[in-house]
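Here the structure comes first, spelled out in structure tokens, and everything after it is commentary.
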Amino acid sequence: MLPDPSMPRTVSRALPERMRAWPVACLALWGSLALGGCTTPPPPAEPPPAVLPAPVPPPMPDTDKSDADAASAPATGSSEPESAPSPARAAVSVPRQMLQYADRVRTLSPPEITAEIAQLSDAQSANGSPEKTLQLALALLQTRQPADTARSLGLVQKVLGDARPAAAALHPLSRLLENRLLQQRRLEDQLDRQGQQLKDGQRRIDQLNERLEAMRAIERSLNARPGAPGNGKTAPPPAPTDSPR
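Numbering of the sequence shown is given in full-length UniProt numbering, commencing with residue 1 and proceeding in unit increments.
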């Protein structure tokens, strides 16, 4: 290739240098691509392992302290009887016993209730304990008789007036029974008044019926007389009398 005389001399020298550098650049690019395709990519990095909290060991029993407490506690023999129940526990158990007794006496038959009332009356008159007094009041409630209701109310009010500790534990239950007995007394009085009014009304009805029957008897006797108006018979003519000559 002949150089163009019209082109400058610097351009004619630069072209051969570029043409020589072009094949070298192509070879370098092809080599890099070939090497990149042959090599395998590095494996992905593994995630860091999860850190678990260390297990907390269970608290060890303080044997030293328990041994010291056992040593400091007074030694008691197995033959020693148990301590007596506290007054508060005894106060709670007495009303519970009364409720259990009320539930038991509710299922008794009339002869059994009569025998129970007789037994409790003897026990109550002998020692006069508030427990027996309240039990007798509960037994009298089962007869459904006005006289027994009045007697039961008197016994409950007697327990309420007792200031002893054994009776004080029964005061809440006694107040509940007193309210019920007062209401039952009012209902019994109302029933008695209604029964008396019914008897009075029946007696007046009987008196009016007797008067009505008496009037009907009088009417029948009047109708039975001969010549009485309304009996369907005419009176016979009067007998002729002889005139004086």
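Positions of the beta carbon are idealized from the N, C-alpha and C atoms, including for glycine.
Every value quoted in this text rests on a predicted model; they were computed, and no experiment measured them.
Skipping 5 residues on each side, what residues in its chain have a beta carbon closer than 8 Å to that of residue i?
i      : result
Leu99  : Leu173
Arg175 : Leu160
Gly195 : none
Leu216 : The residue asked about is misnamed: residue 216 is Arg in this sequence, not Leu. Answer for Arg216: no residue qualifies.
Leu108 : Glu116, Gln142
Leu170 : Val94, Pro95, Met98, Pro130, Glu131, Leu134, Val159
Ala150 : Arg185
Kindly indicate which residue of the options has the alpha-carbon position closest to the one of residue i.
i      : options                        : result
Gly128 : Leu187, Arg186, Val156         : Val156
Gln119 : Gln135, Asp200, Ala150         : Gln135
Gln184 : Gln142, Asp103, Leu208         : Gln142
Tyr101 : Arg204, Ser221, Asp200, Lys132 : Lys132
Asp162 : Pro130, Ala150, Arg106         : Pro130
Pro95  : Ala150, Arg144, Leu177, Ile113 : Leu177
Leu187 : Leu222, Asn209, Glu210, Gln145 : Gln145
Which class does residue i belong to by DSSP, given the choice of helix, strand or coil?
i      : result
Ser109 : coil
Arg225 : coil
Ser129 : coil
Asp162 : coil
Arg151 : helix
Gln145 : coil
Ala217 : helix
Leu177 : helix
Leu138 : helix
Leu170 : coil
By Cβ distance, which residues of its chain are closer than 7 Å to residue i, with the 5 residues on each side in sequence left out?
i      : result
Asp148 : Leu140
Ile218 : none
Arg198 : What sits at residue 198 in the sequence shown is Leu, not Arg. Same-chain partners within the cutoff: there are none.
Gln124 : Lys132, Thr133, Leu136
Leu181 : Thr149, Ser152, Leu153, Val156
Enumerate in chain order the residues of its own chain whose CB-to-CB distance from residue i is below 6 Å, with the five nearest sequence positions on each side excluded.
i      : result
Ala137 : Ser152, Leu155, Val156
Pro110 : none
Arg208 : Looking at the sequence shown, residue 208 is not Arg but Leu. Closer than 6 Å at the Cβ level, and outside the excluded window around Leu208, lies no residue.
Validate contact between the stretch 160 to 174 and the stretch 188 to 202 using beta carbons, cut 8 Å, 3 pairs: no
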